[in-house]
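Going by this note's numbering, the sequence shown opens with residue 318, and the numbers climb by one from there. All C-beta atoms, glycine included, are put in the ideal place defined by N, C-alpha and C. A quick write-up on the structure given underneath.
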Amino acid sequence: MTRTILHVDLDAFFCAVEVLRHPELKGRPFVVGGSADARGVVSSASYEARKFGIRSAMPTAQAQRLLPDLIVISSRHSDYSRASLQVMDILRKTASLMEQISIDEAFLDVSDLPEPGEAVAKRLQNEIEQSLGLPTSWGVASSKLVAKIATEVGKPKGCIVVPAGEEERFLAPLPVEMLWGVGPKTREILNKSGIRTIGQLAAASTTQLVALFGSERGLELAARARGDDQRPVREDHERRSISHEHTFASDVGSLTELERTMLGMSVKLGRRLRKDHLACQTVKIKVRWPDFTTITRQIKLSNPTHVDDEIYLAAQKLFRSVWKQGRKVRLLGIGVTDLGSQVRQLELFDHSWEQDERLMQAIDTIRERYGKDAVKRAGSMRADR
């Protein structure tokens with residue numbers, strides 16, 4: 318049986334939610350993001366703002382240089398999470414298999430429904446807009462890969478259908494960067510070889526692609542260019558990583574302040590892991606210098622953990638390996654990956670971890686009841702407090 322896969326993307330999601338709260342923003346160029354004074358970045362840009370070249374992840378200051386009258390709205394993540402849950406509830410009532418891949422995206426496998434995929438997509442598109450006031454774009458295809466690209470082609474508020482057997486013809490004229498796995502570096506390599514469209518990539522010889530990217534990577538790109546993708550829609554989509562990062566209002570060269578920031582992020586990560594009953598095996602850091610050069614480092618732990626201190630000590634070790642006394646930092650981030658259930662091998666007669674576990678549970682309970690600032694690490698507080 319030919320699969321029918323739907324991909325849905327909420328159009329300019331954060332902005333769409335803000336328009337519901339502030340109808341006067343409709344049709345105006347605005348962004349949701351951080352303040353330019355605090356080196357904020359754009360989280361979401363309205364389509365009217367995008368006409369001026371403004372995009373998500375762009376520094377807010379740069380966006381305001383492109384459009385001096387740009388309206389900047391502070392993020393309200395609780396509102397976005399609530400709206401996302403409402404949308405996902407609607408989708409789950411229709412599809413027997415649904416895989417949420419982000420706060421504003423999901424795949425649905427509707428192969429078992431009697432309706433054509435396009436009819437299901439348009440019905441859901443109308444229901445979400447009518448009941449929640451949120452616009453969506455849809456892609457309908459026989460695979461996740463092609464359905465997602467179809468959604469991108471149809472934005473905003475589109476519904477693009479790619480019939481089974483037409484995948485390669487649909488993909489052929491599109492630029493290679495629309496293909497999953499083709500980032501700026503891969504695109505540059507392909508462009509230098511005269512490959513600018515997905516069709517040209519599909520037509521490239523195996524010898525050429527293997528020479529450019531190696532056997533496994535080269536064959537994988539060729540298969541994607543043909544639209545080959547047998548990945549199933551997974552109902553139990555597991556979170557692969559959790560991360561936090563902080564952009565400083567001005568570049569920071571003080572080790573005390575930098576490590577205080579890392580401690581604060583480690584506390585947030587540990588709390589999130591415990592809340593989701595997860596533990597991490599790998600800790601990563603991200604450091605951006607004032608010239609925007611960005612580096613990442615990671616370390617694999619001997620045992621999975623969800624303890625704040627262990628995450629912090631691993632991050633601290635990584636940071637000190639790349640930082641020199643007085644060197645200023647623009648952005649600092651910590652992430653945890655290799656997530657799994659909370660399992661830990663204890664050494665014989667070692668009860669310290671069990672004591673830490675009870676302590677963390679007690680602190681989490683206090684914070685849940687009295688707020689996240691009810692209990693603080695002394696090391697995370699400024700000396701002048």
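field: At least 3 beta-carbon pairs within less than 8 Å: the region 472–480 vs the region 448–460
entry: yes
query: Taking the Cβ atom as the reference point for each residue, do residue 651 and residue 586 lie within a distance shorter than 8 Å?
result: Taking the first residue of the sequence shown as position 1, residue 651 is located at position 334. Taking the first residue of the sequence shown as position 1, residue 586 is located at position 269. Against a cut-off of 8 Å, the Cβ pair of residue 586 and residue 651 comes out as a contact.
- prompt: Do the region 371–379 and the region 399–410 make contact, defined as three or more Cβ pairs closer than 8 Å?
  reply: no
- request: Measure the beta-carbon distance from residue 322 to residue 424 and round it to whole angstroms, keeping in mind my assumption that it falls under 8 Å.
  value: Position 5 of the sequence shown, counted from the first residue, corresponds to residue 322. Position 107 of the sequence shown, counted from the first residue, corresponds to residue 424. Yes, they are in contact, since the Cβ atoms of residue 322 and residue 424 sit about 6 Å apart, within 8 Å.
message: Check this for me: beta carbons of residue 333 and residue 452, under 8 Å apart or not?
response: Locating residue 333 in the sequence shown gives position 16, where the first residue counts as 1. Locating residue 452 in the sequence shown gives position 135, where the first residue counts as 1. Yes.
- request: Just grab the DSSP bridge partners of residue 559 for me.
  value: On the sequence shown, residue 559 is found 242 positions in, with the first residue counted as 1. Looking at the DSSP assignment, residue 559 forms a beta bridge with 653.
message: Here's a check: name, in chain order, each residue in its chain whose Cβ is nearer than 6 Å to the Cβ of residue 421, leaving out the five neighbours to either side.
response: Taking the sequence shown and counting its residues from 1, the one referred to as residue 421 is at position 104. Same-chain partners within the cutoff: 327 and 330.
- request: Give a yes or no on whether the C-beta atoms belonging to residue 543 and residue 519 are separated by under 8 Å.
  value: Counted from its first residue, the sequence shown places residue 543 at position 226. Counted from its first residue, the sequence shown places residue 519 at position 202. Going by C-beta atoms, residue 543 is nearer than 8 Å to residue 519.
task: For the alpha helix (DSSP H) holding residue 530, just list the boundary residues, first then last.
output: Taking the first residue of the sequence shown as 1, we reach residue 530 at position 213. Looking at the DSSP string, the run of the alpha helix (DSSP H) that includes residue 530 is 523–530.
field: Cβ-based neighbour list, residue 485, same chain, cut-off 7 Å, excluding 5 preceding and 5 following
entry: On the sequence shown, residue 485 is found 168 positions in, with the first residue counted as 1. Closer than 7 Å at the Cβ level, and outside the excluded window around residue 485, lie 519, 543 and 544.
query: When the Cα atoms are used, what is the spatial distance from residue 657 to residue 592?
result: Position 340 of the sequence shown holds residue 657. Position 275 of the sequence shown holds residue 592. Straight-line Cα distance between these residues: approximately 13 Å.
task: Could you have a look at residue 600 and say whether DSSP puts it in helix, strand or coil?
output: Reading the sequence shown from its first residue, position 283 is the one you call residue 600. Residue state, collapsed to three classes: strand.
task: Check residue 329 in the structure and name its three-state DSSP category.
output: For the purposes of this step, residue 329 is identified with residue 12 of the sequence shown, where counting begins at 1. The answer is coil: DSSP assigns residue 329 none of H, G, I, E or B.
message: Give me the residue from 450, 360 and 325 with the minimum Cα distance to residue 467.
response: On the sequence shown, position 150 is the one that residue 467 refers to. Comparing Cα positions, the closest option is 325.
- prompt: For residue 602, which option in 642, 627 and 653 has the closest C-alpha, if you only look at C-alpha atoms?
  reply: For the purposes of this step, residue 602 is identified with residue 285 of the sequence shown, where counting begins at 1. Closest option to residue 602, Cα to Cα, is 653.
Cβ separation of residue 563 and residue 649, assumed to be a contact under 8 Å, to the nearest whole Å: For the purposes of this step, residue 563 is taken as residue 246 along the sequence shown, with counting starting at 1. For the purposes of this step, residue 649 is taken as residue 332 along the sequence shown, with counting starting at 1. At roughly 6 Å, the Cβ-Cβ gap stays under 8 Å, so residue 563 and residue 649 are in contact.
message: Using a 10 Å radius around the Cβ and a threshold of 16 neighbouring Cβ atoms, would you call residue 431 buried or exposed?
response: Sequence index remark: in the sequence shown, residue 431 carries index 114 (1-based). Residue 431 is exposed by the Cβ-count criterion.
- prompt: Can you tell which of 369, 335 and 538 has its C-alpha closest to the C-alpha of residue 382?
  reply: As a working note, residue 382 is residue 65 in the sequence shown. When only C-alpha atoms are compared, the closest one is 369.
message: Comparing C-alpha positions only, which one of 357, 398 and 517 sits nearest to residue 567?
response: Your numbering for residue 567 matches position 250 in the sequence shown. When each option's Cα is compared against that of residue 567, the closest is 357.
message: Within the continuous alpha helix (DSSP H) that includes residue 578, where are the two ends?
response: Stepping through the sequence shown from its first residue, residue 578 is reached at position 261. It spans 572–592 - the alpha helix (DSSP H) in which residue 578 sits, taken as one unbroken run.
Cβ distance (whole Å) where residue 414 is taken to contact residue 426 below 8 Å: The residue given as residue 414 occupies position 97 in the sequence shown. The residue given as residue 426 occupies position 109 in the sequence shown. Confirmed, Cβ separation roughly 4 Å.
message: Checking 8 Å against the spacing of the C-beta atoms, do residue 349 and residue 392 come in under that value?
response: Walking along the sequence shown from the start, residue 349 turns up at place 32. Walking along the sequence shown from the start, residue 392 turns up at place 75. Yes, the Cβ-Cβ distance between residue 349 and residue 392 is below 8 Å.
- prompt: Do you know offhand how far residue 548's Cα is from residue 636's?
  reply: Reading the sequence shown from its first residue, position 231 is the one you call residue 548. Reading the sequence shown from its first residue, position 319 is the one you call residue 636. So the alpha carbons of these two residues sit roughly 37 Å apart.
query: Between which two residues does the beta strand (DSSP E) containing residue 373 stretch?
result: Working through the sequence shown from its first residue, we reach residue 373 at position 56. From DSSP, residue 373 is part of no beta strand (DSSP E); its letter is neither H nor E.
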